[in-house]
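Below is one structure; the comments refer to it alone.
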Amino acid sequence: MKKVILSFLALFAIAFCLLAFDAFRAGGIRGRITPLDGADKVIAVSGKDSLISNITNGSFSFGNVKPSTYTILVHAKPPFKDISIPNVPVIDSTITDVGDIKLVQ
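In structure tokens form, the structure reads like this:
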């Protein structure tokens, strides 16, 4: 009888863990850089997590992003300056659009 109860508890614990992993749905971040060729990559940082996106035709996007608050770092090409955008929220299943990011010299 103990084996049956322990087996049931183990099965319940596994099922609970699987549901816990599905408790959040990843979101995303997207935006545009102007001028189109002014930067080569964008980095999103939250705590110990970081994501890198290349820029295509002035646009960037991060998919499968965990819900959190991120800082977006734009790595600009000379003569433009790097830009940091703090406090970008990502919420379950939502894509956060940071809009147009204008690089300055």
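Take the sequence shown: its letter number 51 is residue 52 in this note's numbering, and every next letter is one higher.
All C-beta atoms, glycine included, are put in the ideal place defined by N, C-alpha and C.
Small disclaimer: the values here were computed from a predicted structure and weren't measured.
Identity of the residues DSSP links to residue i by a beta bridge
i, result
"G29", "I96"
Contacting residues, own chain, Cβ-Cβ under 7 Å from residue i (five flanking each side not counted)
i, result
"G39", "A77, K78, F81, L104"
"I56", "I34, A40, D41, K42, V43"
"P68", "F25, G28, V91, I92, D93"
Beta-carbon proximity list for residue i, same chain, < 6 Å, skipping 5 on both sides
i, result
"G59", "R33, I34, L37"
"V43", "S54, F61, V75"
"N65", "A27"
"T95", "G28"
Own chain residues within Cβ distance below 8 Å of residue i, not counting five before or after
i, result
"T70", "S47, N88, V89, P90, V91"
"T72", "A45, V46, S47, S85, I86, P87, N88, V89"
Do the stretch 30-49 and the stretch 86-98 meet, that is, are 3 or more Cβ pairs less than 8 Å apart?
-> Three or more beta-carbon pairs drawn from the stretch 30-49 and the stretch 86-98 are found closer than 8 Å, and the two stretches are therefore classed as touching.
Residue ranges of each beta strand (DSSP E) run of no fewer than 3 residues wholly in the stretch 24-94, ordered along the chain?
-> Within the stretch 24-94, the complete beta strand (DSSP E) runs of at least 3 residues are 28-35, 40-47, 50-55, 60-66, 69-77, 84-91.
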